[in-house]
Structure formats: C-alpha cells, structure tokens
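Some notes on the structure that comes next.
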Amino acid sequence: MHQSYKTVLCIAAITALGVSGTVVAKNNFTLNPAEVHAGDYKLDSSHGRITWEIDHAGFSKYVGQFVNVQAELKLDPANPANSTLTATIPIADIAPNDAALKRHLLNADFFDAENHPTATFRSTRIVVDSDDAKEADVYGDLTIRGITRPIKMEVEFNKAGTMMGQYRAGFDGEATIKRSDFGINYGLPLIGDEVELHIEGEFTR
C-alpha cells in the first residue's frame, strides 16, 4: 500500500476514534456546582488571596492584599447548606506594596498585629441563589483585633476538575465591611470606613 495512502487511513482512524471518545480524553472540568466532588478541601495558598480596597481621602481607591491565607472548605454539593468554610489570615503577611505603610498597618493604630496576629472567618450559613446555582451568600463571623462581627460574602463558583494531578474547585467572592466595627478608627473620616474585600481561591481536595 502506498505510504501516503496508509498515512491518510491512519489519520482518519484516529479522528474517528477521537470523535467517539475512545482515544481523546474526556474533558473532566465542570462549570456545574452540582457536579463538584464532595469532601474536604484546603485552600491552595499560592492561588488564593484577599484583596482589600478603601477610599483614600477621595483621591483614589487604595488597594492592598493579604497573602498566605489558610482556609478549609467542607463541600456538600448535594446539600450546599451543609457546607462550611473557615479561614485564617496572618496579619503580618499584609501586602500594601509600601514598607512604611505596612509597618503602620501592623501597629496599634490599625491591626495591632503584636496582640492580634491573625484574623479569622467561620461560616455560619450558606444560601444558594435560587436563580443561579453558581452564586451563593456565605454568612459568617469575621474576627479582627479580637472583635467578632457577622458579615456576608457573595460567592461565585468558577470551575472544578483535575489539573496537574490535583482535583480543585475555584471560587471568587466579595464582601463589604466597616473597619470601625473592628475598632480600627485611625484616619476617620478622611480615610474611608468601608472596606471592600475581594476573595479569590482555588481549593484542592
């Protein structure tokens, strides 16, 4: 048989098998939260952070972030109300992109990191949006400087599946808090009281 003809036949066979799914691996990613694997997850800290944004005297929105966040997620897609989320934020790892500002944020005017080295969040209730199962309100207790206040996070499911040997689920979230609720009053009212939190996280099972 002519070599070029054999090549064409091979390509045709591979294509046919690929269409049938025999050769080509099935896409194991899902955008449907109901299809996510249940179980215990931990935040991949290299792909998880909390970004904060605050009004700077009306001149701009100042943005910084917390890194090295640790979090655990117990996920029950069949009954999302049974899911839980806990997180620990190391205050010393605040990253405002300015060394002098970081020192100030760590002292007693702001986070008082020496006496309160971590902030924590513990969910108390999860309510899935009735119109869009990818969105949910996560209610919980946020503790900063030893003061605990209830907050609500609006969370959106992004995607789940196996990548580089690890099964992971990705979420984004946002919440708005008042820093004065946690005893952080320095610079008020010139510097804003409301702080917008943006949460990004990939959790591995």
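Throughout the sequence shown, residue numbering follows mature numbering (1 follows the signal peptide of the UniProt record, and there is no 0), covering -25 to -1, 1 to 180 in sequence. Idealized CB from N, CA, C, for every residue including glycine. Since we're looking at a predicted model, the values are computed, not measured.
First through last residue of the beta strand (DSSP E) which encompasses residue i
i, result
"ARG143", "141 to 153"
"LEU76", "Segment 74 to 81 is the alpha helix (DSSP H) holding LEU76; no beta strand (DSSP E) there."
"GLY14", "14 to 31"
"ASP112", "110 to 119"
"ALA135", "122 to 138"
"ALA94", "93 to 103"
Exposure label - residue i; buried when at least 16 CB within 10 Å
i, result
"ALA56", "exposed"
"ALA144", "buried"
"PHE34", "exposed"
"HIS176", "Checking the sequence shown, residue 176 turns out to be Gly, not His. When all chains shown are included, GLY176 counts as buried."
"VAL(-2)", "Legend: pLDDT at VAL(-2) = 38, less than 50; position of this residue unreliable, no value from coordinates given."
"ARG124", "exposed"
"ALA70", "exposed"
"VAL102", "exposed"
"GLY140", "exposed"
"PRO52", "buried"
Cβ-based neighbour list, residue i, same chain, cut-off 6 angstroms, excluding 5 preceding and 5 following
i, result
"LEU48", "TYR16, LEU60 and PHE178"
Residues of its chain near residue i, where Cβ-Cβ distance is below 8 angstroms and the 5 sequence neighbours each way are ignored
i, result
"residue 183", "With the chain represented from -25 up to 180, any question about residue 183 goes unanswered, as that position is not in the structure."
"ILE122", "ASP156, PHE157 and GLY158"
"SER105", "none"
"TYR161", "ASP84 and PHE85"
Residues bridged to residue i (per DSSP)
i, result
"ILE66", "For ILE66, which the question treats as bridged, DSSP gives no partner whatsoever."
"GLY162", "GLY162 is not bridged to any residue."
"GLY39", "TRP27"
"ALA46", "ALA62"
"LEU172", "TRP27 and ALA150"
"GLU177", "GLY145"
Own chain residues within Cβ distance below 7 angstroms of residue i, not counting five before or after
i, result
"LEU80", "ILE69, PRO71 and PHE86"
"PHE132", "PRO8, LYS109 and PHE146"
"ASP168", "LYS153, ARG154 and SER155"
| said: Between the region 80 to 94 and the region 103 to 114, can you find at least three pairs of beta-carbon atoms closer than 8 angstroms? | reply: Contact check between the region 103 to 114 and the region 80 to 94: fewer than three CB pairs, one atom from each, fall below 8 angstroms, which does not count as touching.
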